[in-house]
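This report concerns only the one structure given below.
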Amino acid sequence: MPARPGSIEGSVVIIAASIVMALACVLASGRRLWLAAKPTVIHPDDVVAWLGPSPDRSKLEALRAMVADVPDADWERDLLDALAQEGSEARAALVNEQLTELDLRMQRWARVPRVCASVSTSFGILLGTLVLRNGLANAPDLSGEVGELFVRGVFRDAMSVAAFGIVGTAFCIAVHAHARRMTRARLEATDRMIEKLEGAAAGPSDEPHDAARGTDRRSPEPGERLEGGGDPAGSSEADGSARTEK
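Residues in the sequence shown are numbered from 0 upward in steps of one, following numbering that gives the first Met the number 0.
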């Protein structure tokens with residue numbers, strides 16, 4: 000007795016469902032990878048390369064003008080505004096706030112690849128089991144080599160369905176690991192960029208002010224009048240004249 004048409008149609012539907020589920024998990028994990036790769040419009044390494052080895056305040060202002068023309072560079076604009084604050088405590092607080100915002104951006108959909116890996120595996124095994132059950136339940140009454148070939152075909156279909164889930168799981172795991180590496184690299188690049196920007200914000204324009212403060216604190220030269228005192232040598236001569244008159 001040949002296999003029932005309903006069983007064949009059911010197996011086709013199950014195989015299609017397995018493929019659709021695996022593709023959905025792959026697309027969701029790909030979305031996570033894209034979010035990890037593009038948390039901001041401008042890559043920090045590009046900013047570091049543009050600033051050069053010894054950036055100054057003019058470079059910082061030029062960068063601010065360029066970022067102002069980029070529509071989606073809101074994080075970069077907020078970071079530059081934070082670095083422009085006068086007080087050191089306020090500047091540090093605002094910069095840390097922007098780093099927290101960057102971390103939140105990079106952690107978007109961070110759990111999705113792991114969830115998709117679990118879902119893809121579970122659905123692959125479940126749908127493969129359904130294919131195996133339907134095939135064996137609706138198997139014709141065959142014996143000998145023909146029956147063995149039929150059972151092997153059913154097992155092959157079940158393994159094919161489960162394989163789609165396993166492939167989706169492998170892709171999701173690879174995406175999760177790669178996204179974590181990208182996140183760490185992005186944070187390290189951001190630290191280098193902020194260090195460069197802080198050096199440019201506090202750059203050469205502060206050196207004359209420091210030099211002036213240094214000259215104000217210098218010790219008096221020998222023979223120079225002391226503040227509020229007068230000339231020590233002149234005082235000694237005046238005391239000697241007074242003793243002679245007496």
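Yeah, the Cβ is synthetic: ideal placement off N, Cα and C, and Gly gets one too.
These numbers come from a predicted model, not from an experiment.
DSSP state of residue i mapped onto helix, strand, coil
i: Glu-85; result: coil
i: Arg-107; result: coil
i: Lys-37; result: coil
i: Asn-133; result: helix
i: Asp-73; result: helix
i: Asp-45; result: helix
i: Leu-201; result: One detail in the question is off: residue 201 reads as Ala in this sequence, not Leu. Here Ala-201 sits in coil by DSSP.
i: Ser-17; result: helix
i: Pro-54; result: coil
i: Ser-142; result: coil
i: Asp-190; result: helix
i: Asp-68; result: coil
Contact set for residue i: own chain, Cβ-Cβ below 7 Å, skip 5 residues either direction
i: Asp-44; result: Ala-188
i: Asp-209; result: The predicted model places Asp-209 with a pLDDT of 39, which falls under 50 and marks its position as unreliable, so this point remains unresolved.
i: Met-181; result: Ala-35 and Ala-36
i: Glu-197; result: Leu-82
i: Cys-24; result: Cys-115, Val-118, Ser-119, Gly-167 and Cys-171
For residue j and residue i, believed in contact at Cβ under 8 Å, the rounded distance
i: Gly-134; j: Asp-102; result: About 50 Å; that fails the 8 Å criterion.
i: Asp-77; j: Gln-97; result: 6 Å
i: Trp-74; j: Thr-99; result: Going by Cβ atoms, the distance from Trp-74 to Thr-99 rounds to 11 Å, so no, they are not a contact pair.
i: Arg-246; j: Leu-82; result: In the structure displayed, the chain extends from 0 to 245; residue 246 sits before or after that span and is not available.
i: Trp-108; j: Arg-179; result: With 8 Å as the limit, Trp-108 and Arg-179 do not qualify as a contact, their Cβ atoms being about 13 Å apart.
i: Val-153; j: Leu-131; result: 6 Å
i: Val-47; j: Arg-191; result: 5 Å
Best match in the options for proximity to residue i [C-alpha to C-alpha]
i: Ser-17; options: Ala-35, Phe-122 and Ser-117; result: Phe-122
i: Cys-115; options: Leu-93, Phe-163, Ala-36 and Leu-78; result: Phe-163
i: Val-166; options: Asn-95, Ser-117 and Ile-13; result: Ser-117
i: Lys-37; options: Glu-197, Leu-186, Ile-193 and Leu-196; result: Leu-186
i: Glu-194; options: Trp-33, Gly-9, Pro-52 and Gly-86; result: Pro-52
i: Ala-21; options: Ala-169, Leu-50 and Leu-79; result: Ala-169
i: Leu-129; options: Gln-106, Glu-85, Met-158 and Asp-71; result: Met-158
i: Val-66; options: Ile-41, Ala-48 and Gln-84; result: Ile-41
i: Ala-176; options: Leu-196, Arg-110, Ala-136 and Gly-127; result: Arg-110
i: Arg-183; options: Leu-148, Met-105 and Ala-27; result: Met-105
i: Ala-173; options: Glu-85, Ala-64 and Arg-113; result: Arg-113
Beta-carbon contacts of residue i that lie in its chain and below 6 Å, excluding the five residues immediately before and after
i: Val-150; result: none
i: Pro-120; result: The amino acid at residue 120 is misidentified as Pro; the sequence shows Thr. Correct list, in chain order: Gly-164 and Thr-168.
i: Ile-14; result: Val-160
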